[in-house]
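Since the structure comes first, as structure tokens, the remarks are kept for the end.
Numbering (my numbering), first residue to last: 1 to 509.
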């Protein structure tokens, strides 16, 4: 940091002292943000479960001394969120558009940002906290990048319970200054003002991690960033961000536009499961074999006589007394009781988050849930996946609209030219997007092929659709494959050809 910038920071710090600039303890203290602090306290707790952070457990030992040990928990939140994200969205997803030019441009942008892998990873965190956001921006190389915004970084300004039209997005940077950490928070406000779409950037500095701090010049960290970017809203229909929300009403804060995750209504089940698991592991540790023996049996001559048992073991405990005999003090570990208890909490957790019974719990009679058990459309897992996919589709569509809107802002690009021009009469309200999700996780593909083959023979399913559904071919590739099959069929005037024709072969449908 140069001397001029240091002087500027001192002036801003003095101005903040007399109230001439903004100073925030928390981001929600900003008057433009319409969210309560309680909503973000909830999200912080959600991520605490996700990170598997628990306080140590205290206990009193045999000498009446208070001691502390780590809490032996099961990180089921991480496991469940990862499982849900993987069955909802994966890299097998295919995104296409009615307009070939638009489709090529958008898919190139998504591919350059490793969109499919990044979306699945961020969806996992969104499942935990209730949502996440995506924001396209122009990188220093002039290409469009996608920023991924966690739930605790996204602050609605104007919204209703159905959509969010204005928001603030935060990002924090830690910088070492004079051998101590300084915390910078960049706030990016997206607002609609007088037929304009305005993005306002503000930077805050704090020497304490848990407060936002005082506003400082943007150039302190971002010398090339403008305080405001103004867009002509005439051609815009969506904000330059896309928010994914978990399905279902927010029963924690009824007026909040933010979604709730799998933790919020399952904390009791998770706490009870972790307590049971911790008690089980503690009992295993304390339940190791112990044999009481008279003290004289533990004495030996260090020089000539060695003990007759393994000195590396702590099985033997010497006892002092006159009538002490060898006694086994080992208690049986209550494996079945603990297993039954944990399975009960697991089943409750499965029901709370909308997953089929057996997804995480274990049934000694039926075992773990198989893929076939999820196939039925009545399965809780299938229904939960379908609900989430509806919101995933909406979020991806809005992201694509935002990318197209950003592409039209030529002044943001280094050469002053837009990287893509929309076709004439192209409607941003209907960009013709089609998303095909991989159903392999929730569908038994062998059974599907068997059923589809019966439908083809019955004449209620075309061969083109059969190849698309069961071999992953596009419609054009399926038609080409059928044409090759038809070309390989013997002529109908031969005996084999006549039989083949009678059996329905060679029709190319």
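Don't be surprised by glycine CBs; every beta carbon is placed ideally from N, CA and C.
Quick caveat: nothing in here was measured; it's all calculated off a predicted structure.
(message) Between 43, 264 and 271, which has its C-alpha nearest residue 72's C-alpha?
(response) From the listed residues 43, 264 and 271, the smallest Cα separation to residue 72 is found for 271.
(request) Apply the 10 Å Cβ neighbour rule to residue 410 and answer buried if 16 or more other Cβ atoms are within range, or exposed otherwise. (result) Burial state of residue 410 is exposed, judged by a 10 Å Cβ sphere holding fewer than 16 other Cβ atoms.
(request) Identify whether residue 194 lies in helix, strand or coil by the three-state DSSP scheme. (result) Coil at residue 194, not helix or strand.
(request) Tell me whether residue 50 sits in a helix, a strand or coil according to DSSP, three-state version. (result) DSSP places residue 50 within a helical segment (H, G or I) once states are collapsed to three.
(request) Spatial neighbours of residue 474 within its chain, please: CB distance less than 8 Å, with the 5 preceding and 5 following residues excluded, ordered by chain position. (result) Closer than 8 Å at the Cβ level, and outside the excluded window around residue 474, lie 468.
(message) Classify residue 225: buried if its beta carbon has 16 or more other beta carbons within 10 angstroms, exposed otherwise.
(response) By the neighbour-count criterion, in which 16 or more other beta carbons inside 10 Å mark a residue as buried, residue 225 falls on the exposed side.
(message) Tell me which residues share the same chain as residue 84 and place their Cβ nearer than 6 Å to its Cβ, disregarding the 5 neighbours each side in the sequence.
(response) So the list reads 127, once near-sequence residues are dropped.
(request) Quick one: grab the DSSP three-state call for residue 483. (result) In the three-state DSSP reduction, residue 483 falls in the helix class (H, G or I).
(message) With a threshold of 7 Å on Cβ separation, who are the neighbours of residue 212 within its own chain once the five nearest residues in sequence on each side are excluded?
(response) Counting only Cβ-Cβ distances below 7 Å, and skipping sequence neighbours, we find 24, 25, 26, 27, 185, 204 and 206.
(message) Within 10 Å of its beta-carbon, does residue 434 have 16 or more other beta-carbons around it, so buried, or fewer, so exposed?
(response) Exposure of residue 434 is indicated by the presence of fewer than 16 other C-beta atoms within 10 angstroms of its C-beta.
(message) Excluding the 5 residues flanking residue 228 on each side, which residues of the same chain have their C-beta closer than 8 Å to its C-beta?
(response) Hits under 8 Å: 198, 199, 200 and 201.
(message) Taking the beta carbon of residue 125 as the centre, do at least 16 other beta carbons fall within 10 Å, making it buried, or is it exposed?
(response) With 16 or more neighbouring CB atoms inside 10 Å of its own CB, residue 125 falls in the buried class.
(request) Would you check if the distance between the CB atom of residue 342 and the CB atom of residue 275 is smaller than 8 Å? (result) Not a contact, by the Cβ cut-off of 8 Å.
(request) List the whole-angstrom C-beta distance separating residue 257 from residue 159, where the pair is believed to meet the contact cut-off of C-beta under 8 Å. (result) Right, the Cβ-Cβ distance comes to about 4 Å (below 8 Å), so this counts as a contact.
(request) Specify the secondary structure class of residue 22 as computed by DSSP and reduced to three states. (result) In the structure shown, residue 22 sits in coil (DSSP, three-state: anything other than H, G, I, E or B).
(request) Just mark residue 65 as buried or exposed, buried being the case when its beta carbon has 16 or more other beta carbons within 10 Å. (result) Counting of Cβ neighbours within 10 angstroms places residue 65 among the exposed residues, the total staying below 16.
(message) DSSP three-state label for residue 157, please.
(response) Coil.
(request) Take the Cβ of residue 237 as the centre, count every other Cβ of all protein chains shown within 10 Å, and call the residue buried at 16 or more, exposed below. (result) With a threshold of 16 other beta carbon atoms within 10 Å, residue 237 falls short and is exposed.
(message) Suppose you measure from the CA of residue 230 to the CA of residue 196; what does that come to, to the nearest Å?
(response) Each residue's alpha carbon lies about 7 Å from the other.
(request) Identify every run of the alpha helix (DSSP H) within the segment 445-478, keeping only runs that are complete inside it and at least 4 residues long; order them along the chain. (result) Counting only runs of 4 or more, we get 445-458 and 463-471.
(message) For a quick check, are the C-beta atoms of residue 391 and residue 266 less than 8 Å apart?
(response) No. Outside cutoff.
(request) My understanding is that residue 147 touches residue 131, with C-beta atoms under 8 Å, so please give their C-beta distance in whole angstroms. (result) Contact between residue 147 and residue 131 fails: their C-beta atoms lie close to 15 Å from each other, not under 8 Å.
(message) Applying the 10 Å Cβ sphere with the 16-neighbour rule, what's the burial state of residue 234?
(response) Answer is exposed; the Cβ neighbour count stays below 16.
(message) Taking the beta carbon of residue 359 as the centre, do at least 16 other beta carbons fall within 10 Å, making it buried, or is it exposed?
(response) Buried, because 16 or more other Cβ atoms sit within 10 Å of the Cβ of residue 359.
(request) Report yes or no: do the segment 416-435 and the segment 154-174 share at least 3 C-beta pairs separated by less than 8 Å? (result) Inter-segment contact for the segment 416-435 and the segment 154-174 is absent: fewer than three beta-carbon pairs are separated by less than 8 Å.
(message) Comparing C-alpha positions only, which one of 385, 269 and 166 sits nearest to residue 76?
(response) Comparing Cα-Cα distances from residue 76 to each of 385, 269 and 166, the minimum goes to 269.
(request) Let me know if residue 460 comes out buried or exposed under the rule of 16 or more other beta-carbons within 10 Å of its beta-carbon. (result) In this structure residue 460 is exposed. Its beta-carbon is surrounded by fewer than 16 other beta-carbon atoms within 10 angstroms.
(message) Assuming residue 134 is part of the beta strand (DSSP E), what are its boundary residues?
(response) Residue 134: member of the beta strand (DSSP E) spanning 131-138, first to last residue.
(request) Give a yes or no on whether the C-beta atoms belonging to residue 413 and residue 109 are separated by under 8 Å. (result) With respect to residue 109, residue 413 sits apart: the two C-beta atoms are not nearer than 8 Å.
(request) Could you check the C-alpha separation between residue 377 and residue 385 for me, to the nearest Å? (result) No answer about residue 377 holds up, because its pLDDT of 45 lies below 50 and its placement is not dependable.
(request) Measure the CB-CB distance between residue 217 and residue 166 and report whether it falls below 8 Å. (result) Result no, Cβ atoms of residue 217 and residue 166 do not sit closer than 8 Å.
(request) Just confirm the distance between the C-beta atoms of residue 252 and residue 42, as a whole number of angstroms; I'd bet it's less than 8 Å. (result) Between residue 252 and residue 42, the beta carbon gap of about 6 Å places them in contact (Cβ cut-off 8 Å).
(request) Please work out which residues of its chain come closer than 7 Å, Cβ to Cβ, to residue 153, disregarding the five sequence neighbours upstream and downstream, and give them in chain order. (result) 169, 170 and 171.
(message) My assumption, with CB atoms under 8 Å, is that residue 173 sits in contact with residue 123. Please give the rounded CB distance.
(response) Not quite, the Cβ-Cβ distance comes to about 25 Å (not below 8 Å), so this is no contact.
(message) If you measure between the beta carbons of residue 452 and residue 264, is that distance less than 8 Å?
(response) Not a contact, by the Cβ cut-off of 8 Å.
(message) Restricting to Cα atoms, I'd like to know which of 80, 100, 48 and 136 is closest to residue 398.
(response) Of 80, 100, 48 and 136, the residue nearest in Cα terms is 136.
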